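Contents: one structure, followed by commentary.
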Amino acid sequence: MNKPFYFTYTFAAVIVIFISILIAILWALGKSNQDKDE
Amino acid sequence: MSNYFLYSVILILYLLILFLIGLFSARRAKSEDEYYLGGRKIGSWVTGLSYVAAYYSSVVIIGGGGYGYKYGLATIWIAAINVLLGVVLVFVVLGKRLYQFTHKTGIMTIPDFFQVRYRSEPAKIFSAVVIALFMIVYNISILKGMANMLEVLLNTTYFIGLLISGLVIIVYVVLGGYLAVVWTGFFQAILMIFALGAVFFATLNRIGGIQAIFDRLYAINPNYVETPGIWGFSGLFTFALVVSLGVWGMPQLLVRFYSVKSKKVLKIAGVLGALGASVAVVPYFCGAASRILFPNLTNADLALPNLVKDIFPPLLIAVFIAGVLAAGMSTFSAVLLLITSAIVKDIFNWQKGIWLSRIVGLTIGIISVLLALKPPGMVLTLTGFAWAVIASTTTIPLIFGLYSKKEKGKAVIVSMVAGFATALIWLILKNPFGIHGFIPGLLTSLIVFIIAQ
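Chains as they are written, first to last, in the numbering used here: chain A, 51 to 88; chain B, 436 to 888.
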């Protein structure tokens, strides 16, 4: 490989951030049974 | 007009805004619940972003730039793991349960949690004493960091740097309590995000885009681009884990979870916190990129300040200085209020209203500044890891307390003392085997907790 491309393993880290934010959004949207009880 | 004059004007303006927030908050803090928890009515934006502000101190910005410079783009993983483990999972795993428990019982502090959950007075007192003592040390390290930075950036003395960074915080925390802490935290987080966002785009512009940064770093050394790169897998990921898991037991951050208006607000705050915390990518990325412009720096911590001086006009440099200062100040203020609550509410349980809390806060603040003036040798040794000692003491009992139904009254104090002692001894021995003391501290606390049941 002579030329590094955009997506190296390093930028997988940025994907981890997006996944984290996604987890947070899903958690925020999720409704547990406990919530409905209250 | 000299640049230093411009910097001073921006700084004074910034400090004035903080002071005004303190004044407005003071008018709304009348009861202890309002002084320490903002009346449990904080909204999602303020909670989410002030969490980030209290989490990231100036170390993340200046030190993060240094790590990026030294170890290359792989350090972006540290930011990613911060967001995942240090923000999102803390909200998901601890946030809701802590909110429910505190609303059922009405407790105000984390040591209080240990007493009510485990029916253990010693656990409350022990954790509160550890928090109070080691948080003062932590505070001294934050103050010292800010003063050192101002010394260089404003071309002033350490003493003046210390006064600028310390005194205003003490005034607004003492006056406004928690409301002042979170509202200034909110304002400071926005400033931080704006400053770092500007650094990111200006760096791209200066070097010629992401591809150019990749290519030129790769030409210097392919390891600056690849993961795990120069630092190596174990070094990089242990560091990232330590700085992310450390926050799980930090009372000044956990308090955000039970001062919110409702459970729904807490969830939105989690999303906003995750978005805000993502900004930590910038110092690592730009620190790495600055190697292209300054290949021969002897002190890696000067990477970001040098970069900023190169890419920004004076006005934006001033905003950047305020942003770095904001990162430190918001952490210091959250910690100062925490120490006050540990002393007033947990250790002595004084029921004399918020004026006494203000006097104690003022005293602790002044002691911190005086100690930071010329830190005693022992304090200096402790500053790097004061937070690790606290996290080793509180994290395991907190997680078990929220998820297990068993009582374990005695196990909690044994586990706390074991975690505390292991972390402290390990760190004083200067990290044998190159392992950070937080890891053995946390593991010992966990093992002892399970055995002692």
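Where is the CB? At the ideal position from N, CA and C, for every residue including glycine. Just so it is clear, the structure is predicted and the values come from calculations on it, not from any experiment.
For residue i, the three-state DSSP class (helix, strand or coil)
{"i": "B/VAL660", "result": "coil"}
{"i": "B/ILE897", "result": "As shown, chain B starts at 436 and ends at 888. That puts residue 897 of chain B outside it, with no answer to give."}
{"i": "A/GLU88", "result": "For A/GLU88, the predicted model reports a pLDDT of 46, less than 50, meaning its position is unreliable; a value from the coordinates is still stated below. A/GLU88 falls in the coil class under three-state DSSP."}
{"i": "B/PHE755", "result": "helix"}
{"i": "A/MET51", "result": "Only weak support exists for where A/MET51 lies, its pLDDT of 46 falling under 50; the value from the coordinates is given anyway. Three-state result, A/MET51: coil."}
{"i": "B/THR879", "result": "helix"}
{"i": "B/TRP683", "result": "helix"}
{"i": "B/ILE782", "result": "helix"}
{"i": "B/ASN741", "result": "helix"}
{"i": "B/LEU732", "result": "coil"}
{"i": "B/PRO832", "result": "helix"}
Residue range of the unbroken alpha helix (DSSP H) whose run includes residue i
{"i": "B/THR864", "result": "For clarity, residue 864 of chain B is Leu in the given sequence; the question names Thr instead. From DSSP, B/LEU864 is part of no alpha helix (DSSP H); its letter is neither H nor E."}
{"i": "B/ILE604", "result": "593-642"}
{"i": "A/THR58", "result": "Here A/THR58 belongs to no alpha helix (DSSP H), and DSSP marks it neither H nor E."}
{"i": "B/SER748", "result": "Per the sequence presented here, residue 748 of chain B reads as Pro, with Ser not at that position. From DSSP, B/PRO748 is part of no alpha helix (DSSP H); its letter is neither H nor E."}
{"i": "B/PHE649", "result": "645-655"}
{"i": "B/ARG552", "result": "545-553"}
{"i": "B/GLU586", "result": "556-588"}
{"i": "B/GLN535", "result": "531-540"}
{"i": "B/ALA514", "result": "511-516"}
{"i": "B/GLU842", "result": "Per DSSP, B/GLU842 belongs to no alpha helix (DSSP H) and is neither H nor E."}
{"i": "B/ASN438", "result": "438-463"}
{"i": "B/LYS702", "result": "698-712"}
{"i": "B/LYS505", "result": "499-506"}
{"i": "B/TYR491", "result": "From DSSP, B/TYR491 is part of no alpha helix (DSSP H); its letter is neither H nor E."}
{"i": "B/ALA723", "result": "716-728"}
{"i": "B/ASP890", "result": "Examination of residue 890 of chain B is not possible in this model, given that chain B is present from 436 through 888 alone."}
{"i": "B/PHE692", "result": "686-693"}
{"i": "B/THR673", "result": "668-680"}
{"i": "B/THR798", "result": "789-808"}
Nearest residue (CA-CA) to residue i, options the options
{"i": "A/ALA78", "options": "B/SER562, B/LEU568 and B/ILE703", "result": "B/ILE703"}
{"i": "B/SER555", "options": "B/GLU842, B/LEU710 and B/PHE536", "result": "B/GLU842"}
{"i": "B/MET685", "options": "B/GLY601, B/SER827 and B/VAL495", "result": "B/SER827"}
{"i": "B/GLY788", "options": "B/ARG463, B/VAL522, B/GLU467 and B/LEU453", "result": "B/GLU467"}
{"i": "B/PHE632", "options": "B/LEU588, B/VAL716 and B/ILE571", "result": "At residue 632 of chain B the sequence reads Gly, which differs from the Phe that was named. The shortest Cα separation from B/GLY632 among B/LEU588, B/VAL716 and B/ILE571 belongs to B/VAL716."}
{"i": "B/ILE625", "options": "B/GLY611, B/GLY457 and B/TYR449", "result": "B/TYR449"}
{"i": "B/ILE628", "options": "B/THR591, B/PHE672, B/VAL527 and B/ALA762", "result": "B/ALA762"}
{"i": "B/GLY844", "options": "B/GLN888, B/THR857, B/VAL814 and B/VAL852", "result": "B/GLN888"}
{"i": "B/VAL494", "options": "B/ILE605, B/LEU737 and B/PHE536", "result": "B/LEU737"}
{"i": "B/ILE834", "options": "B/ILE545, B/PRO740 and B/VAL814", "result": "B/ILE545"}
{"i": "B/LEU588", "options": "B/ALA769, B/ILE452, B/MET570 and B/LEU441", "result": "B/LEU441"}
{"i": "A/ALA62", "options": "B/GLY872, B/PHE783, B/THR662 and B/LEU585", "result": "B/THR662"}
{"i": "B/VAL700", "options": "B/GLY499, B/PHE526 and B/THR540", "result": "B/PHE526"}
{"i": "B/MET570", "options": "B/VAL770, B/GLY872, B/ILE863 and B/LEU859", "result": "B/VAL770"}
{"i": "A/SER70", "options": "B/ALA856, B/VAL706, B/PRO867 and B/VAL572", "result": "B/VAL706"}
{"i": "B/PRO649", "options": "B/PHE536, B/TRP785 and B/CYS721", "result": "Looking at the sequence itself, residue 649 of chain B is Phe, so the reference to Pro does not match. Ranking the options by Cα distance to B/PHE649, first place goes to B/CYS721."}
{"i": "B/GLY473", "options": "B/GLY612, B/ALA723, B/SER765 and B/TRP861", "result": "B/GLY612"}
{"i": "B/LEU837", "options": "B/TYR534, B/MET543 and B/GLY500", "result": "B/TYR534"}
{"i": "B/LYS696", "options": "B/LEU455, B/ILE874, B/GLY478 and B/SER437", "result": "B/GLY478"}
{"i": "B/PHE692", "options": "B/VAL523, B/GLU586, B/ALA567 and B/GLY601", "result": "B/VAL523"}
{"i": "B/TRP861", "options": "B/ILE882, B/GLY758 and B/LEU817", "result": "B/LEU817"}
{"i": "B/PHE873", "options": "B/PHE594, B/PRO811, B/TRP822 and B/ALA615", "result": "B/TRP822"}
{"i": "B/GLY500", "options": "B/VAL603, B/LEU598 and B/PHE635", "result": "B/PHE635"}
{"i": "B/LEU585", "options": "B/ILE885, B/PHE820, B/LYS780 and B/ILE756", "result": "B/ILE756"}
{"i": "B/VAL849", "options": "B/VAL824, B/ILE886, B/SER839 and B/PRO875", "result": "B/ILE886"}
Next item on the list: Name, going along the chain, the residues of the segment 675-696 of chain B whose beta-carbon falls closer than 7 Å to a beta-carbon of chain A.
Entry: none
Next item on the list: Would you check if there are 3 or more beta carbon pairs closer than 8 Å linking the segment 729-742 of chain B to the segment 544-557 of chain B?
Entry: no
Notebook entry, point to check: Of all the residues that make up the segment 534-557 of chain B, which are near chain A by a beta-carbon distance shorter than 9 Å?
Noted result: GLN535
Checklist line | the segment 696-708 of chain B: positions lying closer than 8 Å to chain A by Cβ | finding: LYS698, LYS702, ILE703, GLY705, VAL706 and GLY708
Notebook entry, point to check: Using 8 Å as the Cβ pair cut-off and three pairs as the minimum, do the segment 795-809 of chain B and the segment 659-673 of chain B touch?
Noted result: no
Check: Is it true that the segment 609-619 of chain B meets the segment 745-755 of chain B, where meeting means three or more beta-carbon pairs spaced less than 8 Å apart?
Finding: no
Notebook entry, point to check: Quick check: the segment 636-645 of chain B against the segment 479-486 of chain B, are there 3 or more CB pairs under 8 Å?
Noted result: no
Next item on the list: Say whether the segment 559-571 of chain B touches the segment 710-728 of chain B, bearing in mind that this needs 3 or more beta-carbon pairs closer than 8 Å, one atom from each stretch.
Entry: no
Margin query: Output needed in chain order: residues of the segment 495-512 of chain B with a Cβ under 7 Å from some Cβ in chain A.
Written below: LEU508, ALA509, ILE511 and TRP512
Margin query: Give me the subset of the segment 732-753 of chain B whose CB atoms are less than 8 Å from a CB atom of chain A, sorted by chain position.
Written below: none
Note to self: Under 8 Å, with one C-beta from each stretch per pair, do the segment 707-714 of chain B and the segment 516-532 of chain B reach the 3-pair mark?
What the structure shows: yes
Checklist line | Cβ pair count under 8 Å reaching 3, the segment 672-679 of chain B against the segment 783-797 of chain B | finding: no
Note to self: What are the residues in the segment 709-724 of chain B lying within 8 Å of chain A by C-beta distance?
What the structure shows: ALA709, LEU710, SER713 and VAL716
Margin query: Short of 8 Å Cβ to Cβ, which residues in the segment 578-595 of chain B face chain A?
Written below: none
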